[in-house]
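When we follow my numbering, the leftmost residue of the sequence shown carries the number 279, and every step to the right adds one. Glycine residues also receive a C-beta, built at the ideal position from the N, C-alpha and C atoms.
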Amino acid sequence: MSSDSLALVTGATSGIGLAYAERLAADGHDLIVVGRTKTKLDEFAAAHPHVEVRVLAADLSTPEGIDAVADAVAAEPLDMLVNNAGVSHYMPLADLPADKASEVVNVKVLAPTLLMRAAVGGMQRRGQGTIVNVAGMIAFSGPADPSLMPRRAVYAGTLAHLVAMTQTLAAELDGTGVHAHVVCPGVVATNFHTVQGLDLSAVPRMSADDVVTAALAGIALGETVIAPGVEDPGLLDAVFRADLAAFGGQSPKLASRYQGTD
C-alpha cells in the first residue's frame, strides 16, 4: 500500500530516528529509512507492511554515503526530511582522533547540509515540505564554565551549527510553503551515550517517543527551534533576542575596550 506522503529518516535503526520512523509509519507516511545496518532496516520494513518502506543502507560519515542519500533525496518527492543520524565522540579536542572529529562533522554538519540542499529545491517547486534537524540542548552549552563535563567541543559545535543554519534556512524559506525546524532535546533514553561508555542510567531522561511527540507538536505550533524539555519558551526567546541584539550592535568603529591596548 502506498500513501500520498513520503518521508526520509536518517539514523532510523535506533533511538530517536527509530521513534520518528515508527510514528511516521503509524501516521500513514511512506518511508525511506536510512542507516548503516541493512539487516535492521529490512527488519523495520518487514514490520510495517501497511506502508511502503524503502531501505537505504549508507554511512553518512563518508562522502560516498552522503552522496548516495543526497541522490535519493533529490530524486524523490519528499514531504519530510528528518536529519537525525548522529555520533557522539565526547572527548576534549586535543584528545579527539582526527578520524573521529571528521566523522562527527560529516554526520552532523556536512550530511544534513547536503541533504537539505538536495531536498529544498524540489520542495519549493511543489510548494510544500518539512525539514527537521535533530540537534540537542548541548548547542546552547558553549558559555558554560570549565566544570561542565564531559568535554565535547566538536560535538557541541556541530549542534550549534544545526541550530543557526536551521534558523537562517527557515527565514530563507519564508512564504514558500516549505518549513525548517530543529529539535533540541536534552538527555534521551537511548543507547547513544552507552556506546561512549557513559552510564546515565541514574540520570532522569526523556524517552525518544516523547521527543518525537514534542517535535510534531512544535511543527504544528510553527516553532523553528523546538526544545522538548524546556517548559518556559521565553528562555529561548531571550537567547535569540540577545543574539540579534549583539548582531545589531556591531559598528565599523573599533569598540572602546579594544582601543589603547598597544
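Spatial distance of I497 from H459 (CA atoms): In a straight line, the C-alpha of I497 is about 7 Å away from that of H459.
How many angstroms separate the CA atom of V385 from the CA atom of G364? V385 and G364 have their C-alpha atoms roughly 6 Å apart.
Reducing DSSP to helix, strand and coil, say where A284 ends up. In the sequence under discussion, the amino acid at residue 284 is Leu, which differs from the Ala named in the question. Three-state DSSP puts L284 in a strand.
Closest by C-alpha distance to L290, when choosing among D282, S283 and R301: Checking the sequence shown, residue 290 turns out to be Ala, not Leu. Answer by Cα proximity: R301.
In the DSSP assignment, find the unbroken alpha helix (DSSP H) run with H439 in it and report its ends. Here the alpha helix (DSSP H) through H439 covers A431 to E450.
Is the CB-CB distance between A417 and L440 below 8 Å? It is a contact, given that the beta carbons lie within the stated cut-off.
Between the beta-carbon of V410 and the beta-carbon of M358, is there less than 8 Å? Cβ distance < 8 Å, so V410 and M358 count as in contact.
What first and last residue would you give for the beta strand (DSSP E) that runs through R332? Note, R332: beta strand (DSSP E), V331 to A335.
If we ignore side chains and look at the alpha-carbon of each, how far apart do V517 and D452 end up? Each residue's Cα considered, the two are about 22 Å apart.
Below 8 Å on the Cβ atoms is my guess for A297 versus A486; work out the distance and round it to an integer in Å. That belief holds up - the Cβ atoms of A297 and A486 are roughly 4 Å apart, short of 8 Å.
Thinking C-alpha only, which one of H307, A304 and V456 is nearest G400? Of the listed residues, the one whose Cα sits closest to G400 is V456.
Is the separation between the beta-carbon of V351 and that of A397 shorter than 8 Å? Yes, they are a contact pair.
Starting from the C-beta of L374, find all residues in its chain whose C-beta is less than 7 Å away, skip the five residues before and the five after it, and write them out in chain order. H367 and V432, listed in sequence order.
For G507, which of T491, L522 and D521 has the nearest alpha-carbon? Shortest Cα-Cα distance from G507 to any of T491, L522 and D521 involves T491.
Would T288 pass as a contact of L338 if the rule is Cβ separation under 8 Å? The answer is yes: Cβ separation under 8 Å.
Applying the criterion that 16 or more other CB atoms from any shown protein chain within 10 Å of the CB defines a buried residue, is D510 buried or exposed? It counts as exposed.
First and last residue of the uninterrupted alpha helix (DSSP H) at I294: Annotation: the continuous alpha helix (DSSP H) that includes I294 extends over G293 to A304.
If we call anything under 8 Å between Cβ atoms a contact, is A335 one with V347? For A335 and V347, no; Cβs fall outside 8 Å.
When the Cα atoms are used, what is the spatial distance from I310 to K318? The straight-line gap from Cα to Cα measures roughly 13 Å.
Answer yes or no: do V461 and A413 have a C-beta to C-beta separation smaller than 8 Å? Result yes, Cβ atoms of V461 and A413 sit closer than 8 Å.
Uninterrupted alpha helix (DSSP H) stretches inside the segment 339 to 369 (no shorter than 4 residues): Restricting attention to alpha helix (DSSP H) runs no shorter than 4 residues, the segment 339 to 369 encloses them at 341 to 353, ordered along the chain.
So, using beta-carbon positions, are V333 and A303 closer together than 8 Å? No, the pair does not count as a contact, with Cβ atoms beyond the cut-off.
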